Amino acid sequence: PIDAVASKAQSGAGRSGVRLIDGSGWAESDPGSGVYVHINDASRDGGTMWNTSGNPERPTVTFTLARPHRLTGAYIWNYNEGGQWAGRGVRELEISTSVDGQRWNSVGTHTLKRASGTDQEGVQAIRFVQPVRAQFVRFTALNQHGGDGSGLAEVRFADAELAEPAPGSAPAPVYMRPQHPRLALGAALPGGENMTFPDDFGLIDVTKAPYDAVGDGTADDTAAIQRALDDHPNKGAIIYLPNGTYRVTRPLRWGTGGGTRGNEGDYMKFTVLQGQSRAGTVIQLPDAAKGFGDPRQPQSVLFTGHAPAQRFGNEIRNLTVDTGVGNPGAIGITFMANNQGGIGDVTILSGDGHGPVGLQMGHTSEQGPCLIKNVQVRGFEVGINTGHDVASAVFEHIELIDQQRTGFSNGGHPIAIRGLRSRNAGPALSTNGGFVALIEADLQCSDPQGGYAAIISSSTLLARDIRSSGYTRAIVDHHGKGSSDKVTAEYHSKPGVALFGAEARTLRLPIEETPVPTWDDPKTWANVHNFKQDGDACDAPAIQRAIDSGASTVYLPRGSYRLSKPVVVRGAVARLIGGRAYINFVPGAEALFQIGSGTAPVVEVRWLTGQFGNVDRPFFGMEQNRTLVLRQCLNVGGVFRGGRIFLEDVVAGGKHGLIFRNCQVWGRQPNVEMYAGPNDPRPQAHVIAHNSSLWFLGFKTERLWTAFDVREGSRLELLGSLYQSHGGGSEPMFRIIDSQASLSYSETNHDGKPFQQIIHETQGGVTRTLNADDSRWGRSFCVYRAGR
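Per the working numbering, the sequence shown runs over residues 121 to 908.
#1: Might you give, ordered along the chain, the residues of its own chain that have their beta carbon closer than 6 Å to the beta carbon of ASP279, omitting 5 neighbours on each side?
#2: What is the DSSP secondary structure of THR391, counted as helix, strand or coil?
#3: Does the structure place the region 444-457 close enough to the region 744-752 that three or more beta carbon pairs sit under 8 Å?
#4: Confirm, please, whether the CB-CB distance from PRO476 to GLY444 is below 8 Å.
#5: Alpha carbon to alpha carbon, how far is ALA662 from ALA701? Give it in angstroms, no decimals.
#6: How many Å lie between ALA283 and TYR195 at the Cα?
#7: I need the boundaries of the alpha helix (DSSP H) containing THR342, first residue and last residue.
#8: Since ASP800 sits in a beta bridge, which residues does DSSP pair it with?
#9: Determine, using beta-carbon pairs with one atom in the region 523-533 and one in the region 782-790, whether at least three such pairs fall under 8 Å.
#10: Measure the alpha-carbon distance for VAL785 versus VAL466 and round it to whole angstroms.
#11: Quick one: is MET296 buried, meaning 16 or more other Cβ sit within 10 Å of its Cβ, or exposed?
#12: Looking only at its chain, what residues have a beta carbon closer than 8 Å to the beta carbon of GLY413, apart from the 5 residues adjacent to it on each side?
#13: Taking the runs of the beta strand (DSSP E) that are 3 residues or longer, which of them lie wholly in the region 253-313?
#14: Straight-line CA distance for GLN299 to ALA308?
#15: Answer yes if the region 753-761 comes into contact with the region 620-629, meaning at least three C-beta pairs across the two stretches below 8 Å, and no otherwise.
#16: Might you give, ordered along the chain, the residues of its own chain that have their beta carbon closer than 8 Å to the beta carbon of SER589, omitting 5 neighbours on each side?
#17: So, with DSSP's three-state summary, where would you put PHE740?
#18: Suppose you measure from the CA of ALA427 to the CA of VAL510; what does that come to, to the nearest Å?
#19: Would you identify the three-state DSSP class for LYS820, choosing helix, strand or coil?
#20: Give me the Cα-Cα distance between LEU582 and TYR611, rounded to the nearest whole angstrom.
#21: What residue ranges within the region 742-769 form continuous beta strand (DSSP E) runs of no fewer than 3 residues, ordered along the chain?
#22: With the cut-off set at 8 Å, would you say ARG373 and GLN404 are in Cβ contact?
#23: Should VAL688 go down as buried or exposed, given a rule of 16 or more other Cβ atoms within 10 Å for buried?
#24: Count the other C-beta atoms from every protein chain shown that fall within 10 angstroms of the C-beta of PRO707, then say buried if there are 16 or more, exposed otherwise.
#25: Identify the continuous beta strand (DSSP E) that holds PRO188 and give its terminal residues.
#26: What is the rounded straight-line gap between the Cα of VAL227 and the Cα of THR180?
#27: Compute the distance between the beta-carbons of ARG86 and GLY312, then report whether it is under 8 Å.
#28: Look at the alpha carbon of GLY539 and the alpha carbon of ARG247, and state the distance between them as a whole number of angstroms.
#29: What is the DSSP secondary structure of ARG370, reduced to helix, strand or coil?
#30: Out of TRP825, SER127, CYS658, point me to the one whose CA is closest to GLU177's CA.
#31: If contacts are defined as beta-carbon pairs under 8 Å, then ASN434 and ALA457 qualify, I think. What distance do you get, rounded to the angstrom?
#32: Name the residue from ASP268, ARG543, ILE779, ASN505 whose alpha carbon lies nearest to the alpha carbon of GLY143.
#33: Hey, out of TYR904, LEU676, ALA666, ASN891, whose CA is closest to VAL693's CA?
#34: Please identify the residue among THR634, GLY698, PRO721, ILE715 whose C-alpha is closest to the C-alpha of VAL817.
#35: I need the boundaries of the beta strand (DSSP E) containing ILE663, first residue and last residue.
#36: Using the Cβ count rule (16 or more neighbours within 10 Å means buried), how would you classify GLN653?
Shown next, in the form of structure tokens:
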């Protein structure tokens with residue numbers, strides 16, 4: 121099947137219906153045996169089985185096949201969690217089939233045995249009385265074996281027109297094996313980016329002592345890279361891989377610093393894996409690698425952590441991960457980052473097209489927020505997998521090619537996607553639960569017999585500017601009970617809302633790509649350490665001298681810096697970059713880094729980390745009409761009076777969130793979390809805008825303070841944001857005064873104290889509100905439109 125929708129499922133636990141068809145925990149007992157079994161761990165890698173919470177009346181699972189087939193029966197692996205939990209397994213199961221999903225015919229009620237609860241749970245074959253032509257199959261659980269809910273582990277169907285694969289037959293390669301450039305270690309790739317750094321930047325170069333990775337594609341570099349990760353855990357280290365092919369034979373895991381599961385606050389975080397170029401730096405799994413042959417027990421080439429939500433600052437950039445040939449249990453990257461972190465300019469591919477998942481992000485709860493940008497996944501059963509209801513993730517410019525089952529599978533995570541390009545034999549996006557905003561997608565089906573939609577959704581869905589070809593429809597929406605044709609200008613799974621009569625559509629503010637200043641020769645960069653002088657009481661004078669030296673790039677090597685007075689970024693400076701530098705500063709009213717006048721058309725600030733908590737000094741300030749880019753910065757707020765501002769993967773906090781006046785702003789996954797001590801007044805809002813234009817792809821915040829206060833003719837467009845509320849409060853979630861807005865977002869709450877007032881909108885002196893008990897809310901808006 122290509123889709124499985126359950127009428128009921130245990131929420132927030134990765135137990136959606138899609139777990140019955142995604143191969144999680146299911147494969148041959150031994151490679152080539154032809155005997156398929158299921159493991160007994162229902163939670164592995166984010167979930168392997170479906171079950172309900174409690175015992176709802178006759179829960180159902182509806183399966184969609186790619187096209188009508190002549191079915192002779194079903195293969196069912198019953199719910200198989202160990203111990204008493206196996207009682208959740210269905211005992212009596214009614215099966216019905218349909219050609220069109222509307223008219224159903226029963227093919228009988230069947231009795232299933234209770235599962236063994238072992239890692240070798242076998243199949244139960246259900247034979248229909250006679251073959252049935254169908255594209256849809258519905259299971260209805262009539263009762264179970266005594267558990268606290270109904271459940272199943274995996275389901276497949278028998279097709280009378282298709283021959284069974286012979287036991288031991290290896291799957292054919294999906295495509296010709298991709299080839300990588302042959303480069304001398306560290307040689308620049310013609311036409312590619314060349315992310316090189318000064319020798320004193322503070323990088324951990326894995327090819328230098330004491331690690332001495334070879335990078336020739338032959339030597340085993342696993343131990344060298346793993347040692348570099350282990351030696352620098354949780355410290356803001358940038359682990360650097362020059363161009364070359366690094367052969368690894370076991371999973372590379374972020375360093376723990378001695379932490380263990382259950383004591384993980386300082387564990388598997390603040391680590392960047394940085395390549396020299398996307399195509400030139402290759403992490404290569406050998407063919408038929410030991411430990412990567414069993415899809416029931418998949419392993420990842422790269423693994424960055426799991427819940428709880430402490431994986432701050434994890435990043436993977438400018439490299440390729442190749443899982444090789446003959447590794448059906450290999451996942452490319454299993455990734456987690458929280459608040460700030462992400463993957464950028466990365467290719468993940470399977471040498472033969474096989475493997476469970478290219479990018480696995482649904483393996484754990486408490487995922488994100490994070491930004492995944494400029495990523496290609498080629499091959500695998502599923503290209504990208506996400507799941508769970510906290511927190512959120514943003515994807516931009518994603519290419520999914522040659523997946524065998526689904527391009528992007530979402531099991532309830534709040535996600536925002538812009539620029540999805542999919543070329544697959546299955547659905548481009550299958551999403552069950554959560555909130556999804558998808559804009560500017562180009563979706564093509566490579567299956568000439570495909571009889572399904574490009575997007576199959578059981579989520580709250582906003583889809584805009586979707587082009588599809590080769591599919592029957594652009595969208596089939598089980599949540600909103602609707603569908604849409606091949607080209608979709610704007611689709612909402614629930615009606616838009618407007619209190620002042622505006623058309624309930626998105627604002628469609630102009631979208632601009634984030635500028636990227638030229639990555640100039642590191643030999644011309646200015647190191648602030650070289651500008652220190654005797655008598656400097658803090659590091660601000662040295663930073664200022666480096667800025668005024670005439671260099672276009674100024675850098676702060678990894679370490680801690682103390683600033684007691686502001687620094688002005690001016691003159692020729694186009695990039696201020698820290699090696700994950702940590703900035704300590706004393707209280708004050710002035711912004712710490714002030715963007716002054718200069719000759720560079722764009723100023724970029726990257727990899728700086730400020731103090732968190734009760735900090736009353738703004739980190740950034742700008743009163744110039746300049747273009748400012750903030751990337752991969754943590755705990756930085758700002759007050760901006762004019763100019764064009766781009767935010768990518770930025771966390772703003774302290775007593776100053778983000779304040780804009782007369783600005784144009786484009787944000788990709790900003791996370792704004794204000795802080796107030798017990799004796800401090802509550803903040804006015806996390807983001808305040810006066811006469812400004814703000815476009816956000818994803819936005820996350822917490823607590824019960826107003827997310828946005830926009831006024832004086834501002835325009836705000838939110839696409840796919842999440843408010844993780846807790847603590848109670850009387851403020852509205854959004855305050856809009858004489859401004860326009862389109863808000864597409866959701867709220868998650870786990871302490872029973874969500875927002876009571878959602879919208880407080882004033883236009884021309886008239887105020888209208890929308891409260892949480894309004895049926896139009898329901899913890900999400902496809903679109904709330906403010907203005908007249």
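For every residue, glycine included, the Cβ atom is placed at its ideal position computed from N, Cα and C. As the structure is a computational prediction, the values presented were derived from the model and not from experiment.
Straight from the coordinates:
#1: Mapped onto the sequence shown, residue 279 falls at position 159. When the five nearest sequence neighbours on each side are left out, the beta carbons in the same chain lying within less than 6 Å of the beta carbon of ASP279 are those of HIS189, in order along the chain.
#2: One-based indexing of the sequence shown puts residue 391 at position 271. THR391: strand per DSSP, three-state reduction.
#3: no
#4: Mapped onto the sequence shown, residue 444 falls at position 324. Mapped onto the sequence shown, residue 476 falls at position 356. Contact flag unset, no.
#5: Here residue 701 corresponds to residue number 581 of the sequence shown, with the count starting at 1. Here residue 662 corresponds to residue number 542 of the sequence shown, with the count starting at 1. Taking the straight line from one Cα to the other gives about 15 Å.
#6: Within the sequence shown, the letter at position 163 stands for residue 283. Within the sequence shown, the letter at position 75 stands for residue 195. Spanning the two alpha carbons is a distance of roughly 15 Å.
#7: Numbered from its first residue, the sequence shown carries residue 342 at position 222. Here the alpha helix (DSSP H) through THR342 covers 342-351.
#8: Here residue 800 refers to the residue found at position 680 of the sequence shown. Note: ASP800 sits in no beta bridge, so no partner.
#9: no
#10: Start at 1 with the first residue of the sequence shown, and residue 785 comes out as number 665. Start at 1 with the first residue of the sequence shown, and residue 466 comes out as number 346. Going from the Cα of VAL785 to the Cα of VAL466 covers about 26 Å.
#11: In the sequence shown, the residue the question calls residue 296 occupies position 176. Burial call: exposed.
#12: Here the question's residue 413 lines up with position 293 in the sequence shown. Once the five neighbours on either side are set aside, the close Cβ partners of GLY413 are PRO151, GLY446, ASN447, PRO448, GLY449.
#13: 271-279
#14: As a working mapping, residue 299 is identified with position 179 in the sequence shown. As a working mapping, residue 308 is identified with position 188 in the sequence shown. Straight-line Cα distance between these residues: approximately 17 Å.
#15: No contact exists between the region 620-629 and the region 753-761.
#16: Here residue 589 refers to the residue found at position 469 of the sequence shown. Within the same chain, SER589 has close Cβ partners LEU563, GLN564, CYS565, LYS606.
#17: Along the sequence shown, one-based indexing puts residue 740 at 620. Of the three classes helix, strand and coil, the one that applies to PHE740 here is strand, per DSSP.
#18: If you number the sequence shown from 1, residue 427 lands on position 307. If you number the sequence shown from 1, residue 510 lands on position 390. If I take the Cα positions, the gap works out to 11 Å.
#19: By one-based count along the sequence shown, residue 820 stands at place 700. Strand, per DSSP.
#20: In the sequence shown, counting from the first residue as 1, residue 582 sits at position 462. In the sequence shown, counting from the first residue as 1, residue 611 sits at position 491. Whole-angstrom Cα-Cα distance: 6 Å.
#21: 747-753
#22: Counted from its first residue, the sequence shown places residue 373 at position 253. Counted from its first residue, the sequence shown places residue 404 at position 284. No. Outside cutoff.
#23: The residue labelled residue 688 in the question sits at position 568 within the sequence shown. Flag for VAL688 reads buried.
#24: Numbered from 1 along the sequence shown, position 587 holds the residue referred to as residue 707. Answer is exposed; the Cβ neighbour count stays below 16.
#25: As a working note, residue 188 is residue 68 in the sequence shown. Where PRO188 is concerned, the enclosing beta strand (DSSP E) stretches over 180-198.
#26: Against the sequence shown, residue 227 aligns to sequence position 107. Against the sequence shown, residue 180 aligns to sequence position 60. If you take the alpha carbons of VAL227 and THR180, they lie about 15 Å apart.
#27: Since the displayed the chain opens at 121 and closes at 908, residue 86 lies outside it and no answer follows.
#28: As a first step, residue 539 must be located in the sequence shown, where it is residue number 419. As a first step, residue 247 must be located in the sequence shown, where it is residue number 127. Their backbone Cα atoms lie some 44 Å apart in a straight line.
#29: Reading the sequence shown from its first residue, position 250 is the one you call residue 370. In the structure shown, ARG370 sits in coil (DSSP, three-state: anything other than H, G, I, E or B).
#30: By one-based count along the sequence shown, residue 177 stands at place 57. Looking at the Cα atoms, SER127 is the closest of the given residues.
#31: In the sequence shown, the residue the question calls residue 434 occupies position 314. In the sequence shown, the residue the question calls residue 457 occupies position 337. Confirmed, Cβ separation roughly 4 Å.
#32: The count along the sequence shown starts at 1 and reaches residue 143 at position 23. The residue with the shortest Cα to Cα distance from GLY143 is ASN505.
#33: Here the question's residue 693 lines up with position 573 in the sequence shown. It is ALA666 whose Cα lies nearest to the Cα of VAL693.
#34: Locating residue 817 in the sequence shown gives position 697, counting from the first residue. In the sequence as displayed, the identity of residue 817 is Leu instead of Val. Cα-wise, what sits closest to LEU817 is THR634.
#35: Counting from one through the sequence shown, the residue named residue 663 turns up at place 543. Where ILE663 is concerned, there is no enclosing beta strand (DSSP E), although the alpha helix (DSSP H) it sits in stretches over 660-667.
#36: Taking the sequence shown and counting its residues from 1, the one referred to as residue 653 is at position 533. Its Cβ having fewer than 16 others within 10 Å, GLN653 is exposed.
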